[in-house]
Amino acid sequence: MPKYNPAEIEPRWQRFWDENKTFKTPTEVTGEKLYALDMFPYPSGEGLHVGHPEGYTATDIVSRHARMVGKTVLHPMGFDAFGLPAEEHAIKHNASPREFTEKNINTFVRQLKDLGFSYDWDRQISTTDVDYFKWTQWIFLVLFDTWFDADQQKGRPISELPIPTEIKESGEDAVRKYQDEFRLAFESHAPVNWCPALGTVLANEEVVDGLSDVGDHPVQRMPLRQWMLRITAYADRLESDLDQVDWPEGIKKLQCDWIGRSTGAEVDFFIGDNDQFEPWKKTRTENGFPRNLPDDALRVYTTRPDTLYGATYMVIAPEHGAVEKLTTTEQAPAVKKYCDDAAMKSDRDRQDDRTKKTGVFTGSYAINPINGQPVPIWVADYVLASYGTGAIMAVPAHDARDFEFAKTYDLPIIAVVLPPAKSEIDQAKLMAGEICFAGVGTAVNSEIYNDLPTDEFKNKIIETLDSAAVGCSAVNYKLRDWLFSRQRFWGEPFPILHELDEAGNRTGIMRPVPLESLPVDLPFVEDFKPHGRPEPPLEKADDEWLYPVIDGKKYKRETNTMPQWAGSCWYYLRFIDPDNASAFIDPELEKQWMPVDLYIGGAEHAVLHLLYARFWHKVLFDRGHLHTPEPFKKLVNQGMILGDVEFTAFRDTNEQWVSAELTCENDERKTVLKSTGEELHVVKLDPEQAEKEGDNFVLKSDQQIRVDSRAYKMSKSRGNVVNPDVIIAEYGADSLRLYEMFMGPLHQSKPWSMAGVNGVRNFLDRVWRMLVEEKAEELCLSSAVGDHSPTDEQVRMLHKTIKAVSKDIETLGFNTAISRMMEFVNFFTKQSERPKSLMEPFILLLSPFAPHLAEELWKLLGNDSSLAYEPWPKFDESLTVDARVEVPIQIMGKIKSKVSIERGKSAKELETIALQDPKIATLLEGLTVRKIIAVPDKLVNIVAN
RNA sequence: GCCCGAGUGGCGGAAUUGGCAGACGCUCAGGAUUUAAAAUCCUGUGUCCUUACGGACGUGCGGGUUCAAGUCCCGCCUCGGGUACCA
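Start counting the first sequence at 4; every next residue gets the next number (my numbering).
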């Protein structure tokens, strides 16, 4: 009994593809190329999750389709394998992170092959391969060798950096140190996330709400020598080049917001005696606006220079360099205490305190350059040292934070912007300082600028400030430079040597490891357990590794390692030329294949990975190593696959049911009674126990009790994780692929449903039976399939299907493509004659979606080679439309009748046909026809009363 | 708070430029086949009224534009995601 048996078919075809290298990338691109890329996975110990194959199936369908339309396809897969979990595992089990990682990669490869993806496995790479990270280190050295020329907006070799004469005269070391200040990769003393409980430093992404992602321990900020990458230099290009790519608008916006470009002005407030203000202004006008701020002024950044007349006080960050200088002796103890407290505060505490504003008066005043008014200077932690100039002019009438602060400390509030007339803001309250208005409007209380609209005012006042040399227009970004080092073992070592003096101390001179000495491999380290101090584990390497001697000089290797992002910043380039031993990529191949045409992955990488990769790409582009300014032409984010829908009900301590709308979640994520906070039992219901009542679900046994119905994110703790291995074993890989595509639109998140998997399996069974004689002893074609000449109707069915499926693959509308194929099968299983000439093209249509089954049936239809490169079926437009159409006839927009007519009737003819329709004629009796709208082949609407 | 995204049957979801709401699948019900079951095949399945013929209502809510609105405009509500003192 030859039943559809994926467990037998699928491994057989996977072996066939493997042995015949069916999906090996051609060495030459002929005709059009397609580079279809998945965001490569982190090979976790848990193995593949059903979320992975969603995007992978999508790119696989696109790739398989592209091969059939004659494109040359690059479709690779690799692994982003550095990272904390492997290191943690190694510490716990006293094992090697490399072995653990390799084991996990093997599992992933096995699982991916089980799904029948058409990857070119000869190009498999892992970021942990020594041959791979050799080039990651090389790219780091490119960054190290590059400075950003702001005038040309371009990264250039450090050797081209203009050196001031006085530096040049001070000798070679001075020049090297000067250059070091401009490199895109540079050292700095930055605060890091130090977690005392875990005894380790954490990456930002491992800190959630000021607590460690693992174990919820508090995290402190402490300064440490770190490597930084000057991504801020590329902020403008990273923002403006988004115009060149075909990405979802939402993702572009996320990146823009993350870059956070804002325009405004820097303004200097004079610090000194009142009678010195006029002379100061005069000197300024004469000497111009100083690039480096002199001691006699406090510089602020504002996006609203138009509110300068409303600045009633100033605030500097507790970490601001001028705090001490500005603090009067009288205020010194209070200010010192405040700043010390702020430094001690963990991020968590700062978050908790965010709602209430605190601060302390320094005792000094600054003079507003526009009106000569003295304003008090405060210190407060709601101003960040790391943004703008670390100081602000506070305009409480027009900024919510300043308003709150002014109310707390009873500072004056002066309104200087009137809201537009149609606004609902209460003007009287605004003028009285009772409310705050942050929008735009027209100026008031601003002397000669009164009545100017905000925008005009801004431009005018920047001009004024500029000509008086007390301010200038300025741009700021939320984007910070990228903290690029980690104090971990399992990452790429930096290819940097620090020169040591006789005593073994760093001289401050750095030397890149030369290309011929790359890669710098990870040394053997006995034990990389955290030891309570934030020193990198590589400090424990033996002296031979740690202290190389070159040309008689002793060096110490850099012992920080790169973050996990490093390897994923350029892997898409290496896939093009994975075995190149002499370069990171062959320039000719790069020209052939770049950019990536389609890039699919999760939205969790919308900002960081995509921004970092674009940054590296631009640096490599500037330095002439690449020919495209952007790496990823089209980007699609797949939605999240949630667990099966769950029904939950709640019981109180007396075992009484509590209706869902009376409950809420408390801070500890426990479900409690809204009114009393009493903790409730959460009861998972069988779907049978719930039923729909109005807009909600209720208990069948007590319809007064509302229950919760929703799908949750899959998680181990919730126990709703679906393992792809299990689905493949039970339904087959083709069913899993098809189901994940059939669930809904690719970009949308959607709940898993086992019944749905069964549904698509049913469809594949029907495909099988459409062609296979199930009752026969041996595998053979169904008697219905043969060399019949097809009927018109059958031909139309095929051509309609080809058209729809082809279009849907192009727009990535896989769910509707599948439903069209279902319609085809539903139609033909009812036909007693199924012409082979129509069955063959159908199998080709199905093949990108369910490749194993398609290959099997293709062979059964008498073909002896793989269908992977068969030409994609073509359709004839004229054969996709029916000769007759059914046209609804409406009266006043309501359908009253339908007529079947020949396609292509004119509006005039339609009108006549509609009025002659007996049913319509009866209904129109006694009514006056006012107007008839007839849309050919669509509908007729009669307006009558 | 702010910024995105989404609300369509019991469920997942379909619906070129406004033009037959509910394609396709699941679920459920009935029937055929079968000694029986599984499998398969057929029929039905938005809500309400009606014995029926048929009719009324219906795309989160309230308004509007239009011959015609799931689709366009205005005002809300709910859910999901992101982000958080960025001046």
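Note that beta-carbon positions come from the ideal geometry of N, C-alpha and C, so glycine has one too. In this text, all values refer to a predicted model and were calculated from it rather than measured experimentally.
Listed in chain order, the alpha helix (DSSP H) elements of length 4 or more contained wholly in the stretch 587-622 are 590-596. Between L257 and A616, the C-beta spacing is not below 8 Å. Ranking E591, V884, L232, L856 by CA distance to the CA of A871 puts L856 first. Put simply, the stretch 410-420 touches the stretch 389-400. At least three CB pairs are less than 8 Å apart.
Put simply, the stretch 573-593 does not touch the stretch 520-533. Fewer than three CB pairs are less than 8 Å apart. Residue state for K256 is assigned as helix, using DSSP reduced to three classes.
As the crow flies, the alpha-carbon of Y385 is around 19 Å from that of S367. Put simply, of T666, D689, A403, K687 the residue whose alpha carbon is nearest the alpha carbon of G680 is T666. With fewer than three CB-CB distances shorter than 8 Å, the stretch 100-107 does not count as touching the stretch 59-75. Between the C-alpha atoms of K36 and M71 there is a straight-line separation of about 12 Å.
The three-state secondary structure of M565, taken from DSSP, is coil.
If the five residues before and after H802 are omitted, its C-beta is found closer than 7 Å to the C-beta atoms of F878, D879, L882, T883, all from its own chain and listed in chain order.
In this structure, F650 sits away from V725, with a CB-CB distance that is not shorter than 8 Å. For S66 and S129, the gap between their C-alpha atoms comes out near 22 Å.
Across the structure, P522 and D504 are spaced so that their CA atoms are roughly 26 Å apart. Per DSSP, D278 is not a residue of any alpha helix (DSSP H), being assigned neither H nor E.
Residue pairing by DSSP places L503 opposite R509 in a beta bridge. Annotation note: the stretch 674-712 contains the following uninterrupted beta strand (DSSP E) runs of length 3 or greater, listed N- to C-terminal: 674-676, 684-688, 693-696, 699-702. The way I'd put it, the stretch 155-167 does touch the stretch 612-627; three or more beta-carbon pairs between them come closer than 8 Å.
Nearest to V760 by alpha-carbon distance, out of E743, Y602, V770, S47, is E743. Within the model, the alpha-carbon separation for W16 versus L500 is close to 52 Å. In this structure, T266 places its C-beta atom within 8 Å of the C-beta atom of S476. For Y368, the uninterrupted beta strand (DSSP E) segment begins and ends at 362-370.
Note that the C-beta distance between I644 and L482 is not below 8 Å. Close CB contacts of T562 within its chain, under the 6 Å cut and outside five residues either way in sequence, are with P539, L541, E542 (chain order). The stretch 115-133 makes contact with the stretch 76-92; the number of CB pairs closer than 8 Å reaches 3 or more.
DSSP places I108 in the helix class (H, G or I) of the three-state scheme. Under the three-state reduction of DSSP output, T804 falls in the helix class.
Ranking I553, P498, R536 by CA distance to the CA of R560 puts P498 first.
Taking each of T794, Q797, L87, L749 in turn and checking the Cα distance to D811, the smallest one comes out for L749.
The beta strand (DSSP E) runs lying completely inside the stretch 19-82 and spanning 3 residues or more are 36-41, 75-77, given in chain order. Close CB contacts of D705 within its chain, under the 8 Å cut and outside five residues either way in sequence, are with W660 (chain order).
Cβ contact annotation for K636 (same chain, cutoff 7 Å, sequence separation greater than five): V248, D249, P598, V599, D600, in chain order.
The C-beta of H684 has fewer than 16 other C-beta atoms within 10 Å across all chains shown, which makes the residue exposed.
Between the C-alpha atoms of G253 and A268 there is a straight-line separation of about 29 Å. For H791, DSSP records no beta bridge to any residue.
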